[in-house]
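Asker: Would you mind keeping the following structure in view while I ask a few things?
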Amino acid sequence: MNTPPLLIAGSGKLARELLAGLAPDARPWRDRTDAVRAVVHAGSGRELPEILRFCRERALPLIELSTGTGIADLADGVPVVVCANANLLMLKFMAMLARCGPWFRGEPMRLTESHQAGKTSVPGTAVALAASLGLSPEAIVSVRDPAQQAGGLGIPAADLGRHAFHRIEIGEGDCRLRLETLVTGGAPYAEGVRRIVGAALAHPLEPRCHDVVEFIDKGWL
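Note that my numbering numbers the sequence shown so that position 206 is 1374, with each residue one more than the last.
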């Protein structure tokens, strides 16, 4: 599937993986030109005001992959697609849980997330899952120790340097539910971004923040 020309803003691991996975159609923010059709933000937020101005002046959609940037307060006049995750299978799991999560409120619950040791940003997927279950972000158990990841969570040694693991446990005693997700490597994110950008360009978007789950509900992804 071809990728429309787009810009990737950010210097971290995800941004680098997207540049590699979406080449030759993706270029870094610093090399911006008027030929692009969308911008993907996977950075700290420092460049967001300039990115939003660039998108506003050219009527470009912005795909927001970072968490905690306060994009809702800045996005006036720009169609922004807010993605707690860019992996489409995970997004569909999250959409499912958003609908059925309230059924389990009041039950004993535990939410554990694990990412590579170098991850210091807010675990946006886990925060979204917690909200669907009625849990506070403070209730999330975060694991960054490789020994605990391998021994306690069963993360393969080859994937300790790049993984995203989530475990939801509901109930106790003789009846318990366990839901687990594991994403390894960066390929699922690049393909997800490719399809999200394609959907944003194929359907007219109002100049406001759109949760990517809206795209799933409408059958665009």
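Each residue gets a CB set at the ideal place from its N, CA and C atoms; glycine is no exception.
Starting from residue 1377, trace the beta strand (DSSP E) both ways and give me its first and last residue.
Answerer: Counting along the chain, the beta strand (DSSP E) containing residue 1377 begins and ends at 1377-1379.
Asker: Around the C-beta of residue 1334, are 16 or more other C-beta atoms found within 10 angstroms, so that it is buried, or is it exposed?
Answerer: Residue 1334 is buried by the Cβ-count criterion.
Asker: Quick test of your reading: residue 1266 and residue 1300, contact by CB under 8 Å. State the CB separation rounded to the nearest angstrom.
Answerer: Confirmed, about 5 Å.
Asker: Is residue 1246 helix, strand or coil by DSSP?
Answerer: Coil, per DSSP.
Asker: Grab me the residues of residue 1355's own chain with a C-beta within less than 7 Å of its C-beta, minus the 5 sequence neighbours each way, in chain order.
Answerer: Hits under 7 Å: 1189.
Asker: Taking just the CA atoms, how far does residue 1310 sit from residue 1316?
Answerer: About 11 Å.
Asker: For a cutoff of 8 Å on Cβ pairs, would you count residue 1205 as touching chain B?
Answerer: The structure shown contains no chain B; it is built from a single protein chain.
Asker: Less than 8 Å between the CB atoms is what I'm expecting for residue 1331 and residue 1361, so what's the real figure, rounded?
Answerer: Not really, about 18 Å apart at Cβ, beyond 8 Å.
Asker: Given a cut-off of 8 Å on the beta-carbon distance, is the pair residue 1303 and residue 1277 in contact?
Answerer: Result yes, Cβ atoms of residue 1303 and residue 1277 sit closer than 8 Å.
Asker: For residue 1288, count the other beta carbons within 10 Å of its own beta carbon; 16 or more makes it buried, fewer makes it exposed. Which is it?
Answerer: Its Cβ having fewer than 16 others within 10 Å, residue 1288 is exposed.
Asker: Figure out for me which residue from 1281, 1206, 1212 and 1270 has the closest Cα to the Cα of residue 1248.
Answerer: Here the closest residue by C-alpha is 1206.
Asker: Does residue 1303 come out as helix, strand or coil in the three-state DSSP assignment?
Answerer: It is coil, neither helix nor strand.
Asker: Taking only runs that begin and end inside the segment 1225-1273, name each unbroken beta strand (DSSP E) of 3 or more residues, in chain order.
Answerer: 1230-1232 and 1248-1250, all fully within the segment 1225-1273.
Asker: Per DSSP, what kind of secondary structure is residue 1336 in: helix, strand or coil?
Answerer: Strand, per DSSP.
Asker: Taking the CB atoms as reference points, tell me whether residue 1186 and residue 1368 lie closer together than 8 Å.
Answerer: Result no, Cβ atoms of residue 1186 and residue 1368 do not sit closer than 8 Å.
Asker: Taking residue 1362 as part of the alpha helix (DSSP H), name the residues at either end of that continuous run.
Answerer: It spans 1355-1370 - the alpha helix (DSSP H) in which residue 1362 sits, taken as one unbroken run.
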